[in-house]
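For reference, the structure discussed in these notes is given below.
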Amino acid sequence: MLTRSTEVLYFVGFVVIDLMAVSGLVLFLLGSVLILTEAFRKSKLWGLGCLFLGPLMGLVFTFLNWNKAKIPTAMWITGLVLVLLVFFKQQLATQSGVVL
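Mapping of the sequence shown onto UniProt numbering: position 21 corresponds to residue 21, and the numbering continues sequentially without gaps.
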């Protein structure tokens, strides 16, 4: 049986993991949309390339247009890192028998 303080710590862990996952997804999606928007502002071909070729073309666009795309790219990378951290943390917790 868990003590009250342990239950509170588990609850806080759930909340932190959920906030990280949601924040990561929001940042990832917002960064993606902003990169796509900047690509369409540059030209329709860049926009269509980023839309249909995904992250690869987005990274090429970012490197060639760093001044306009650095903030959306930082958002995209931060979101990706947060989502990956949550994913790997959940995988480690599942392997050790603790599910958060």
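In this text, a Cβ means the ideal position worked out from N, Cα and C, and glycines have one as well.
Computed from a prediction, not measured in an experiment: that's the story for all the values here.
I'd like to check one pair, residue j with residue i: are the Cβ atoms closer than 9 angstroms?
i: ALA21; j: VAL83; result: yes
i: LYS42; j: PHE61; result: yes
i: TRP76; j: GLY49; result: no
i: LYS24; j: LEU36; result: With the sequence shown as reference, residue 24 is identified as Gly, and Lys is not the correct amino acid for it. Cβ distance not < 9 angstroms, so GLY24 and LEU36 don't count as in contact.
Consult DSSP for residue i and reduce its assignment to one of helix, strand or coil.
i: THR73; result: helix
i: THR3; result: coil
Compute the Euclidean distance between the alpha carbons of residue i and residue j, then round it to the nearest angstrom.
i: LEU34; j: LEU53; result: 16 angstroms
i: THR78; j: ILE17; result: 15 angstroms
i: TRP66; j: ALA74; result: 11 angstroms
i: LEU30; j: SER96; result: 34 angstroms
i: VAL26; j: LEU80; result: 10 angstroms
i: LEU64; j: LEU85; result: 29 angstroms
i: VAL8; j: LYS68; result: 44 angstroms
i: LEU51; j: ILE71; result: 19 angstroms
i: LEU92; j: VAL12; result: 18 angstroms
> Hey, which unbroken runs of the beta strand (DSSP E) at 3 residues or more fall wholly within the segment 32-67?
Replying inline: none
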